[in-house]
Structure formats: structure tokens, C-alpha cells
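Here the structure is laid out as C-alpha cells; the discussion comes afterwards.
Protein chains in written order, with this note's numbering: chain B, 16 to 350; chain E, 30 to 430; chain D, 5 to 307.
Set out below in C-alpha cells:
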């Protein structure tokens, strides 16, 4: 049986790598590359929210930091043209540092206070980028970013090379995150999530663990930001607003917080709903001979989806076993 | 094992999308010509996006009724670039890639927002797809080093054109009008968006060149409804005119209204073509406000009147701020397609010939004469000044820049 | 001095509206520990309802005399009542099932409800700001360097009055006691015979009614309303509630005024585009040094 599983796995990986060669259009590859970036973002946020249980509603800020790092260091803006591959690490470090900066003063806050502070941070960062026009291009943003190169070959504008880079980043992220979860740090996070006071009394350094969660989660977002900026060849503040943070949180909740593969599934699903189903809803409706103009109802549909999922399956599509136990334990404990 | 199942699912998704996405070569076939339209059709920009789209639809329907060479039929292929209610450059790019991947799309109209255009132009430039913007006014899209950078894949072949006039021309005209009215000091406010910032920046330069004095400038906070703190600040500075760079919905309307609450209602308020609908928010308080628009006096132009009549009859709604521009932009595309089809003996033409046709446009349209310069901008635009009387726009005078 | 006082008064009026919204936020949070993201949109809904009522009454500008009193009463009561009902419905349909779910679930639901409400209002009156009748004349009163307009006085006065009314309601009435008990320990309250479902429903009723009233006030003050206005205002109002100490009614009001003043002053001194940054920066600073907010009591955790 193990052989059959391994074979299936290999087949799946092969399809993911090779399908673009079979005449897939640039538009389709582009959609999946974009969806892939959201997978990375969701996995990163999963470390903060899913593993460590810290409510972060401003995750898009780190995404912005990563993206603007690339925009300022690999474009005509300052005349700096650092290589893409180097900047992946630079952005990871920078975003991680910002995660620490955000985490440090918020350690004493619990639950919803933390949520509001992170939300505030998420509002401040893009606004700062928008206001510091001299450095960041203001609301216009910075365009014409450098194309990444791979052994002398420029990526250009086709979505394909970015798709492969995204797959690579996803693979590394999944490996890193899974290992983290099984590590001592991961278990510390689980302990903190369930009962922080008890964890502290058991000798876990909760401060370090929480800071690590913020920093690590943020660094993944920074990496995703670099790939995003390089692919779009543009950054502008309105790409990193609260709606993006909400979207990523929703992906986590939909997929099943804590569960790495659930998160992947949830993010793929919501991403495709948002960028394929909703914009093309009119086309789909026409094909099914339903004459409703869906264009006006995007928000409504999206909100309804969120509400529906939360009402009927709040633990998500692929719930983490521990989380499910927590949920049911809480229900049972209620007299 | 969940990794396995998720990977499987993803792989299947890829396979399905691959088969959906492939098929069709790169040459157009059949007799349907699609005109791609990329606009924000949901969320905060929805009403302008929709009315702009209507302009396109009207032009296409009229052309189909008249008939095209070779029996070609036109089809509007619209995609929404708003994600969660906000125009999104990433979605715009995805939409443009969809247009590019469809060989029967020979031209596109859009986008609405300048930063979306910034992301899209490199794609249409590489693909050689004619792109005509109805409302994107940021200078940097066609002028300067930014513009060159956007076209780096194909520097010699420009595919981007726009029928709206660029900010620097509008800002210049506004400065000239302000000086003509004898307003020698101004305070500038903008909505901290691309369009607004460009406008005030140009206004500032040209106004000072003409001898005017800028007493100060400020940006609005996003999504704000209360501007009284700012207006109190401006009242203290006592400028002769308040120049506003931005559109009605990002604060122009409320700003004008609240001028009366803070005691400076008598101060003239001037803006660009972002506030022609100021009266919908400010009502009678719009009186005393002025705006420039890059079109000749619509009431004196028969084609403009005909357009308005046809629009209202078709959509049972008043004309939107950029409906006329979109209508004309589509006409430009259609004429180029028709000319290319004729040259191709009635068969469906290719994109390159459509681009050439657009570049060679010379059209008398509902917004005046349309000809493009080498960068893709309109040549010799006429700028008109409108004011509000009894809550309705009324034409005052025009300038040729 | 003149400018300083003007901005101060302006900030207080702006803050008064935030205070009104924050009252509802803090009440609901105190009892169900839920950040009701939809609360800001209920506030906007209140202004839409009030507009519809006033339009039905044929009001389009200023009104005087007895008619003014009637119009105000009908509009306020109508808006508050309708919003209260909406609030109860939202709680019943969207939040009740998730009372024991992990914290994020009702939060996401609240965001979903917020989106639904926003879209509904966008479809109702369109995406652009909508005109609201002025209703009251707005004379100014000058006291030396200080200038006050009638509407500013009313906004601030109303915020204080409603806060006091709410405070006394919660402290003296049986229902208020039930609410406090539920907030303190839900299980114990239930064991003491308090109907939790009813108490929570009434909390939402009152909180949303307050938001509705705030919507009416905001409409009259700005003479305009906008489907998306609730998002920013709600966010700042929640910031105000947190600043004051979540669950603390007087704190929410003070927090509202503080936020309003911060916003006005930062617009005046550094520019409107930094106003939001200043507000959130203040929030972060206060919470770093006083995590429970200005008036919140640090919760002693019993081990």
C-alpha cells in the first residue's frame, strides 16, 4: 500500500510540474501562480494563528513589506538592482524583524486586544507606504520592477517561471512548517494555545515562543511578497489593504486552522472562488441561462460564503485533530 | 494521508484547467471579433465602471447594427478587475492575460484606474494587443521614464492609447482658468490617489508659473467623511480658491458640502474631470464649484447630443462620467478593426493591423476630434470649464491646449 | 488659540459619534466577547433607515417648530428600532450557534455579515455618498475665541446623555443586572435562572439601537451618508472601546472623544493622510503600557 501511495504522490507532483507543457494558456498558469502565492500566505499565517493561537488581523502588512522590499531594491526607483534570489532572503529577514517588532509590545495582550492591535498595524503599514511618496511612489506605487533571472535567462512577463518559483516556495514552506509543528517549538505553541498559564508554569518560555511565531509567520509573508512583486512588476498600497488580511484569515478558517494541508486546500478554494468564480459568475450564469447580474453581488456572495462556512463547519474543511477535540471538549464542558 | 489527497486534488485541478485553457491556436478564426473590456464592475467603483461599460456596449451594438466588412460580428467580452470591492492591478493583469490568450480578442478597452493600467500595459505591449483607455489620466503611463520602462519588452511598438486627456494638460488648463478669474492665491487638497496627486502637482507648477501663490496643500484621509478639521485649517489660510484633485466619491462632494458648515461656502471650489457629478452628493452646495473636462461643450456638439440621446434610450439612466469616453474609445477600436478587415479582404484581421489602425485614427467623435500622437495621447485636446448653477452643470468657456 | 479651540471642538464632535458607536460595541463585547465587525455597518444602516423615514415624511431641508420635534422623534425611534431588530436577527442567525466555537469563527462570521450589509446598502442607495437632509438649523454661538455650532453641542451632549442613560440602565435595572451577571460568568448566571439567550438578544437590541441612533445623528451632522462609511467609523469606534477598556461604558465614551480629538489634531498638524496612522499608533502605545485600556481593570486570572 505504501508503494501505491508513494506512486500516487509522484504522479500528483508530476502533473503539477508538467501540465503547463500541454498547451495551457498563459492566463491559466497565471491564475494558479496567483493562487499559489495565497497558499504561501495562508501557510505563514497558519503558524501565527493556527499553531500559536495568536489572533493576527493585519497579516497583509508583512506581505506589503516583502513586496516593497523588492520594489525598492530591484527597480529604477533607487537604481538598485539586487538579484531576486537574494531578495527572497532579505525580505524574509526584514519581514521577520517587523514581526518581532509587532510581537514585542503585544505580548501582554490577550485575544481580541491583540486582534485589534494587529489590525491597526495592518492599516498603518500600507498607509505609510502611500504617504511616503518620495521613497515608495505614493499611491501610484513603483512599477517596472526588474525581471528575475535564472542563470542568465530573464523571467520576462509570462506567468510560467513565476508559477514554478511559487511551487518551489510552497514546497519549502510546507516542509518548514510541518517540521516546525513537530518540533519542540511547535509543541510549545500547542501548549500555549490550549492554556498559556499552565504552559508557563510547566517551564515553557512563552515570550520566546510567541515572538518566534510572529517572526516566522511574517517571514513567509515577506517571501511571498517578493514573488508577488516580481510577477506583477508593480507594487501599490491598495494591493495590501485590510481585505487581503481578511481573505487570508478566511482561507485558514475555511481550510481548517492548524492543519497544514487543510490550509492549502482552503486557500486554493477561496482563491479560485475570488479570482475565477466570482468575476466570471456572470459568464457562468449566462451559460446556465440564469439571467442575473452577479457583478453587483460579489460582496454579498463572499460574505454569505463566509457566514455559511462558519455556521455549518466552523472547524474548517479539514480540521486539525487537536482543534476538533478542543472544539468538542468546549461544547461538552458546557453544562 | 491528507498531503496525498490535497496534492491529488491540486493536480486534478491543474489538469482540468489545462484542458480548459488549451485548444485554439494563436490565429483568430471565425467571424466573431471580441473587444475585451476590463473595468471595476463591483464594489466602490461599480457605478462608474458600469456606466463606462455601457458606453462600450452602445458602440458595439450600433456598429453591429450598421454591419462590418466580411460579415464580422462584434462581441463585448467584459471582465471585472475589482476584487472584494476594490480595483486590483493583479486581477486586471489576470483579465488581460485572458484577453491575450483568446485569439479572437483584437482590442481591449480599459482599465478605469491608472495603477491597474500601469500593471497591464507591459502585458499588452508584449502581446501587441491594442489597448485604449477611457479614463486613465496619469501622465506616467505615456510620458517619461516610467512610461518607457513599462514598454521595455517592445519599446518600438506602442499599443496603449487613451482618449481622456492627461493630468498635466488638465492641471495647466485649471491654472490658466484660475488666473483668468483673478484668483491669485490657492490652497490645494487632493485625495492622496494617483489622479488627484498628479492633478495638484501640475496645477501647482503651472499656477505658480503664471504668478499665482499656493498657500498650502493637504491630503485627505482615505474613507473619511469628516473634513472639518482640514477645512478649518484652510479657512484660516484664506485662499482665493480651493483646488481639489480627486473624484467626488473619495471626498470631493463631502468636502464641498462641509465648506458651508465651516463658514467658507463662498470660497470658489475648483477641480478636474473627477467631479462632474459633484451635484449628486453636494446638491445645491455644488454652486460655486467649477471643474475642467477634456471635451468641447457637449451641448454644442451634435454627435455628443446624439450619443446622450441614444444612451438614455438604451439604458434608461443618465450618462456616466466616462460613458462618452468609453463609447469613443470603442469606436476607435471598431474603426481600426473594420479598416484592417477591409484590407484583409473581409477576413478577420490580426492584432498588429488593428494597432496600426488605431494609431492612424482621425475621428470626429462625441468628445471632439480624436487623433493620437506617437506616445498614444490625444493630440490638441480641448479643455472646457464648467460651473454649477442651481445644482446643475453649466458650460462656461473652453481652452485649446 | 482660535484654531486650537476650533479643532478641539471639532474633534469632540467627531469623537461624539465614535463614542455613540463605541457604546454598542463595548456592550456587546462585554457580554459575548465578540468583536462585532458588523456593528459599524449597523450604524450606517441606521442613517439609511433614518433617511428613508425622513424622505417618507417629505423632509428635504430644514424643518422648524413642532414638525421638527415630530420628525426627529420618528426618525430616531424608527432608525433605532429597525437597527435593533437587525441586530437581534444577526445575533440569532449568525452568532448564536458559534457561542462556544473557537474565537475566530464568530469573528469571521461577523466580517461576513459586514460584507453582506455593505453590499445590501450599496444596492439600496448606490455606491456614491448620498445626501441627507439638514433637518436642524445650525447657528453658531461665539464665546470669545470659542465658536460652537448647535449641531456640535447636540452631538456631544447626546453622547454623554446616552452614556449616562446606558450606565444607569446597566447598574440599576434587573435586566442590566442580568447583563452584568452574564458578562461576569455566563454559566453561573444561567444556574441562577437568568435566561442567557434573552439577555444576549436584548444586549444586541440595545447596542444596535444605539448604533442606529448614532447613524441618524451622523446623517444630520454631515448631511450625507455612504454605504462604506461604517467600515472606517466602526474600526475607529472599536479602537475607542478598546482604548477606554473594553466592557467599560464610560470608558468607551471617553475613548471615542480621545480618538476624535487625535484625528482632528493630527489632520491639523501633520495632514489628513496621517490621521489614521496617528489613531492606531495611539492605540498601540496605550495598550503597550496599559493592556486593559485606560479604564479597564486588569483581569486577575484565577488559577
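Cβ atoms here follow ideal geometry from the backbone N, Cα and C, with glycine treated the same way.
For residue 322 (chain E) and residue 137 (chain D), what's the separation of their Cα atoms in angstroms? Residue 322 (chain E) sits at position 293 when you count from the first residue of the second chain. Residue 137 (chain D) sits at position 133 when you count from the first residue of the third chain. Taking the straight line from one Cα to the other gives about 30 Å.
Taking the C-alpha atoms as reference points, what is the distance between residue 379 (chain E) and residue 196 (chain E)? Residue 379 (chain E) sits at position 350 when you count from the first residue of the second chain. Residue 196 (chain E) sits at position 167 when you count from the first residue of the second chain. Those two C-alpha atoms are separated by around 33 Å.
Could you compute how far the alpha carbon of residue 309 (chain E) sits from the alpha carbon of residue 275 (chain B)? If you number the second chain from 1, residue 309 (chain E) lands on position 280. If you number the first chain from 1, residue 275 (chain B) lands on position 260. Cα-Cα distance, rounded: 50 Å.
To which residues of the same chain is residue 313 (chain E) closer than 8 Å at the C-beta, ignoring the five residues directly before and after it? On the second chain, residue 313 (chain E) is found 284 positions in, with the first residue counted as 1. Excluding residues within five positions, the ones whose Cβ falls inside 8 Å are 419 and 420.
Below 8 Å on the Cβ atoms is my contact criterion, and I expect residue 239 (chain E) with residue 266 (chain E) to pass it. Report the Cβ-Cβ distance as a whole number of Å. Within the second chain, numbered from 1, the residue matching residue 239 (chain E) stands at position 210. Within the second chain, numbered from 1, the residue matching residue 266 (chain E) stands at position 237. Their Cβ separation, rounded to whole angstroms, is 20 Å, which puts residue 239 (chain E) and residue 266 (chain E) out of contact at 8 Å.
Pairwise C-alpha distance: residue 353 (chain E) and residue 24 (chain B): For the purposes of this step, residue 24 (chain B) is identified with residue 9 of the first chain, where counting begins at 1. For the purposes of this step, residue 353 (chain E) is identified with residue 324 of the second chain, where counting begins at 1. C-alpha separation (whole angstroms): 56 Å.
Sort out for me which residues DSSP pairs residue 177 (chain E) with in a bridge. Looking up residue 177 (chain E) in the second chain gives position 148. DSSP, once it has assigned bridges, lists no residue as partnering residue 177 (chain E).
Under three-state DSSP, which class holds residue 300 (chain E)? The count along the second chain starts at 1 and reaches residue 300 (chain E) at position 271. Residue 300 (chain E): strand per DSSP, three-state reduction.
Under 9 Å, do residue 83 (chain D) and residue 54 (chain D) count as touching if we go by C-beta distance? Residue mapping note: residue 83 (chain D) aligns to position 79 of the third chain, counting from 1. Residue mapping note: residue 54 (chain D) aligns to position 50 of the third chain, counting from 1. In contact: residue 83 (chain D) and residue 54 (chain D) (Cβ atoms closer than 9 Å).
For the alpha helix (DSSP H) that residue 91 (chain E) lies in, which residues bound it at each end? Here residue 91 (chain E) refers to the residue found at position 62 of the second chain. It spans 75-95 - the alpha helix (DSSP H) in which residue 91 (chain E) sits, taken as one unbroken run.
Contact set between the region 313-329 of chain B and chain E, restricted to residues whose Cβ is under 8 Å from the partner: 313, 314 and 317
Could you check whether the Cβ of residue 51 (chain D) sits closer than 9 Å to any Cβ belonging to chain B? On the third chain, position 47 is the one that residue 51 (chain D) refers to. It does not; no Cβ of chain B falls within 9 Å.
When burial is assigned at 16 or more other CB atoms within 10 Å of the CB, is residue 347 (chain E) buried or exposed? As a position in the second chain, residue 347 (chain E) is number 318, starting the count at 1. By the neighbour-count rule (16 or more Cβ atoms within 10 Å), residue 347 (chain E) is not buried but exposed.
Beta-carbon spacing of residue 215 (chain E), residue 271 (chain E) below 9 Å: Taking the second chain and counting its residues from 1, the one referred to as residue 215 (chain E) is at position 186. Taking the second chain and counting its residues from 1, the one referred to as residue 271 (chain E) is at position 242. Their beta carbons are under 9 Å apart, which means residue 215 (chain E) touches residue 271 (chain E) by this criterion.
Would residue 23 (chain E) and residue 191 (chain E) be called neighbours here (beta carbons separated by less than 9 Å)? Past the edges of chain E, shown from 30 to 430, lies residue 23 (chain E), and the structure says nothing about it.
Could you tell me whether any Cβ in chain B is nearer than 9 Å to the Cβ of residue 343 (chain E)? Position 314 of the second chain, counting from 1, holds the residue named residue 343 (chain E). So, not an interface residue.
At a Cβ cut of 9 Å, what residues of the region 295-312 of chain E count as close to chain D, listed as they run along the chain? 306, 309, 310, 311 and 312
Just tell me which of B:188, B:125 and B:167 has its CA closest to the CA of residue 103 (chain B). The sequence position of residue 103 (chain B) within the first chain is 88, counting from 1. Looking at the Cα atoms, B:188 is the closest of the given residues.
Would you call residue 67 (chain E) buried or exposed, if buried means 16 or more other Cβ atoms sit within 10 Å of its Cβ? Your numbering for residue 67 (chain E) matches position 38 in the second chain. By the 10 Å Cβ count, residue 67 (chain E) comes out buried.
Partner residues on chain B for residue 278 (chain D), Cβ-Cβ distance less than 7 Å: As a working note, residue 278 (chain D) is residue 274 in the third chain. The contacting residues are 146.
Bridge-paired residues (DSSP) for residue 137 (chain E): Within the second chain, residue 137 (chain E) is the residue found at index 108, counting from 1. The partner list for residue 137 (chain E) (beta bridge, DSSP) reads E:65 and E:160.
Own chain, CB closer than 6 Å to residue 348 (chain B), minus 5 neighbours either side, in chain order: One-based indexing of the first chain puts residue 348 (chain B) at position 333. Note that residue 348 (chain B) has pLDDT 44, beneath the 50 cutoff, so the model's placement of it is unreliable and no number is given.
Return yes when the Cβ of residue 331 (chain B) is within less than 9 Å of the Cβ of residue 281 (chain B), no when it is not. Here residue 281 (chain B) refers to the residue found at position 266 when the first chain is read from its first residue. Here residue 331 (chain B) refers to the residue found at position 316 when the first chain is read from its first residue. Yes, the Cβ-Cβ distance between residue 281 (chain B) and residue 331 (chain B) is below 9 Å.
Kindly indicate if chain D contains any beta-carbon less than 9 Å away from that of residue 120 (chain B). Here residue 120 (chain B) refers to the residue found at position 105 when the first chain is read from its first residue. At least one chain D Cβ lies under 9 Å of residue 120 (chain B).
Cutoff 9 Å: residue 116 (chain E) Cβ touching any chain C Cβ: The structure shown contains no chain C; the protein chains it does contain are B, E and D.
Where residue 209 (chain B) sits in the DSSP three-state scheme: In the first chain, the residue the question calls residue 209 (chain B) occupies position 194. Helix, per DSSP.
Beta-carbon proximity list for residue 429 (chain E), same chain, < 7 Å, skipping 5 on both sides: Taking the second chain and counting its residues from 1, the one referred to as residue 429 (chain E) is at position 400. Only 409 and 411 meet the Cβ criterion.
Beta carbon proximity, residue 144 (chain E) to chain D, threshold 9 Å: To locate residue 144 (chain E), count along the second chain from 1; it is residue 115. No, its Cβ sits nowhere closer than 9 Å to a Cβ of chain D.
Under a Cβ-count criterion, where at least 16 other Cβ atoms within 10 Å of its own Cβ denotes burial, should residue 246 (chain B) be classed as buried or exposed? In the first chain, the residue the question calls residue 246 (chain B) occupies position 231. Result: buried.
Looking at the C-beta of residue 120 (chain E), does it have a partner C-beta in chain B at a distance below 9 Å? Taking the second chain and counting its residues from 1, one reaches residue 120 (chain E) at position 91. Cβ-Cβ to chain B under 9 Å: yes for residue 120 (chain E).
For residue 221 (chain E), is the classification buried or exposed, using 16 other Cβ atoms within 10 angstroms of its Cβ as the cut-off for buried? Looking up residue 221 (chain E) in the second chain gives position 192. Buried is the call here.
Name the chain E residues that come within less than 8 Å of residue 2 (chain D), Cβ to Cβ? Nothing about residue 2 (chain D) can be read from this structure; chain D reaches only from 5 to 307.
Beta-bridge partners of residue 330 (chain B), as assigned by DSSP: Along the first chain, one-based indexing puts residue 330 (chain B) at 315. In the DSSP output, where bridge partners are listed per residue, residue 330 (chain B) has none listed.
What separation, rounded to the nearest whole angstrom, lies between the Cα atoms of residue 299 (chain D) and residue 27 (chain D)? Taking the third chain and counting its residues from 1, one reaches residue 299 (chain D) at position 295. Taking the third chain and counting its residues from 1, one reaches residue 27 (chain D) at position 23. Residue 299 (chain D) and residue 27 (chain D): Cα-Cα distance of roughly 14 Å.
Comparing C-alpha positions only, which one of E:80, E:186 and E:315 sits nearest to residue 131 (chain D)? Along the third chain, one-based indexing puts residue 131 (chain D) at 127. The candidate whose alpha carbon is nearest that of residue 131 (chain D) is E:80.
For residue 48 (chain D), name the three-state secondary structure that DSSP assigns. Position 44 of the third chain, counted from the first residue, corresponds to residue 48 (chain D). Helix, per DSSP.
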